[in-house]
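Using numbering that gives the first Met the number 0, the letters of the sequence shown correspond one by one to residues 0 to 528. Every residue gets a Cβ at the ideal spot worked out from N, C-alpha and C, and that includes glycine. Here the structure comes first, spelled out in structure tokens, and everything after it is commentary.
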Amino acid sequence: MALSCSLRLIRLRACWPVSLKQASLSTAPDEDCRQVAGRNEATRKRWMKEKKPRQGCSLPGLESFWEERLTNVATPLWRFPYEEQLKVKSESQKKVLQTLASCLRELGTDKLEITQRPDGLCCPLHSVVPSVSTGEKSFMGMSGEPVINGYRNKSTFSVNKGPDGNPKTVGLYVGTGRARNIVCVRANHLENIPEKHKQVAQYYEEFLHQSPLDPCLLFHQGGHWRELIVRTNSSGHTMAIITFHPQDLSQEELCTQKALLKDFFTCGPGAVCNLTSLYFQERLTPGDSWKGISVRVMKRSWLSGKSAFIMTRSSHQQSPYQLLYGEPYIFEEVLGLKFRISPDAFFQINTAGAEVLYQTVGKLSRADKNTVLLDVCCGTGAIGLSLAHQASKVVGVEVVEQAVEDARWNAAFNGISNCEFHSGKAEMVLPQFLMSREDDRLLVAVVNPSRAGLHYRVVQAIRNCEAILTLIYVSCKPEGEAMRNFLEFCCPPDSGKKLVGKPFAPLLAVPVDMFPHTIHCELVMLLTR
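Structure representation (structure tokens):
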């Protein structure tokens, strides 16, 4: 039965209009913006043929085939009216809920609300909630203008060979590594990237052309200059983070390069970007485990069963961010609260959408002064702090130490005293916290993991804790590893897997459109028992 569910999930992913692996630009902020196109091209064309776009809609001034290809892959819905985009996303979420219901039936669930639903869904599906910029907002009804263009507050640009062979092109990827046809294409025409991000990328490319050092296309092939990350807030403040491979450069030579970079963006041509912060991070070679860095890891996909090498990023602890110029942080306001954002801290990439998302979570959680809110994978504490006024206490858990420091600062600055934040892996911190607590108050758990989903020990701890009756799962990729978590939370008790607690049942699913022009949205799933 488990194999049957896995095969069904693989088919679900195959029928998506564009492979979800290709569109990381439209996902959560802890994922980069580099695009990989080319897989599933026939499926995309078939889907585009079925959906009729606006007549006469084209990108003015689009001269390059590669730019058009990138635009169609990174933002495949850009041609459609926004109302049509929401319909497409609603249909995608229906498939997710139908797959979950089918798998739960195969696993032997006795929940009548799942087994006897005529629409085949595991629970009611709310209409897709758009992100709005003004007006009163709630998931049951809202006013305000939708935010559909330039909404990203974080973008990651790669450095690689462009369509013309220029190895110092700054942009996003098109093509696949397997086919060895990756091309780096400038992102000037992508509607979801703000002009400020495009400007910084443009001037970074100009700096690279002036630099005598080569870009680092592959670690083992030498070179130095690597990716650019741009973060902005609603006030226009801009943080740029540039990664660099030192190779065999001496400390004196490194200092020279940092000085040249700083001069370019503060008193050279790049000064027009008006950066608030300029950071520099030295990225080390795969295999540098003696320095506490694991750059290359083996990851096994639960869905495909295949193993593959993937490249991971260095954290601040592994390779510290060096502030070359400006302020160490930028700040953002969400729902009347001020949040401090560090270079590698998690923060939702659509600020207007984040307000809608957090209000949706608060509405579904039904937290009150008799409950403790668990904010798992809390990042800078945005969800927990925005709901602190509802609950008696908020406990946040986050693996990125700098993000936890930000969360604590955010709580203190906003005068919120009923929150505590713990640094560490959730699979280590959460079970220990739940076992040691002496409080008899009910718990409401909110989990917002990365695409990798929750660790199995986190699922076990939540499932086996009788005090947790309400669980809110927020996922930007519900058809991926989150589906595994849904099944673990909702399947019948299984002592062999140490899932002995009463199963949860999906009660309501609310998609929130955080990524206009793409096929993605955040799915907020309410599970109760």
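Counting the other Cβ atoms within 10 Å of the Cβ of F218 gives 16 or more, which makes it buried. Annotated three-state conformation of P505 is strand, per DSSP. In the structure shown, G383 falls within a helical segment according to DSSP collapsed to helix, strand and coil.
Here DSSP, grouped into helix, strand and coil, assigns W408 to helix. Ranked by how close their Cα comes to the Cα of A425, the residues L441, I415, A460 and R440 have A460 in first place. The C-alpha of L171 lies about 6 Å from the C-alpha of F156. Per DSSP, the beta-bridge partners of H421 are V396. Assignment of L334 by DSSP, reduced to helix, strand and coil, places it in the coil class. The residue from T527, A508 and L525 with its alpha-carbon nearest to that of S89 is A508.
Of all C-beta pairs linking the region 363-375 to the region 440-454, three or more are shorter than 8 Å, placing the two stretches in contact. Runs of the alpha helix (DSSP H) lying entirely within the region 182-245 and spanning at least 4 residues, in chain order: 194-209. Counting along the chain, no beta strand (DSSP E) covers V146, and no H or E run does either. Between T74 and the set V95, N191, A411 and T114, the nearest pair of CA atoms involves N191. Taking the CA atoms as reference points, Y324 sits about 13 Å from H236. According to DSSP, I329 shares a beta bridge with I340. Buried is the label assigned to K197, since at least 16 other Cβ atoms lie within 10 Å of its Cβ. Remark: three or more beta-carbon pairs, one from each stretch, lie closer than 8 Å, so the region 477-494 and the region 520-527 are flagged as touching.
Less than 8 Å divides the Cβ of N413 from the Cβ of L384.
When the five nearest sequence neighbours on each side are left out, the beta carbons in the same chain lying within less than 7 Å of the beta carbon of Q389 are those of G361, A366 and D367, in order along the chain. The continuous stretches of alpha helix (DSSP H) do not include N159, which lies in the beta strand (DSSP E) extending over residues K153 to N159.
Using a Cβ distance threshold of 8 Å, S364 and I471 count as a contacting pair. By the Cβ rule, the region 104-123 does not count as touching the region 344-357, because fewer than three pairs are nearer than 8 Å.
Judged by their CB atoms, F243 and F279 are nearer to each other than the 8 Å cut-off. In this structure, V394 lies away from Y357, with their beta-carbon atoms at least 8 Å apart. Beta bridge pairing from DSSP links L356 with no other residue.
With respect to the 8 Å criterion, D247 and S341 are not classified as neighbours on the basis of their beta carbons. If you draw a straight line from the Cα of V229 to the Cα of N152, it is about 8 Å long. The residue among S130, C376, A186 and A258 with its C-alpha nearest the C-alpha of F514 is S130. Per DSSP, L96 lies in no beta strand (DSSP E) segment; the continuous alpha helix (DSSP H) that holds it begins and ends at Y81 to E105.
In terms of Cβ geometry, Q92 and P510 form a close pair [threshold 8 Å]. With at least 16 other beta carbons inside 10 angstroms of its own, A481 counts as buried. Contact annotation: L103 and C490 have beta-carbon atoms nearer than 8 Å. Contact between A387 and N417 holds, with the beta-carbon distance rounding to 6 Å and staying under 8 Å. Here S276 has M238, G325 and E326 as same chain residues with Cβ atoms under 6 Å from its own Cβ, once five neighbours each way along the sequence are excluded. For the region 453-519, the continuous alpha helix (DSSP H) assignments of 4+ residues that do not extend past its boundaries occur at 455-462 and 480-489, in sequence order.
For T527, the three-state secondary structure derived from DSSP is strand.
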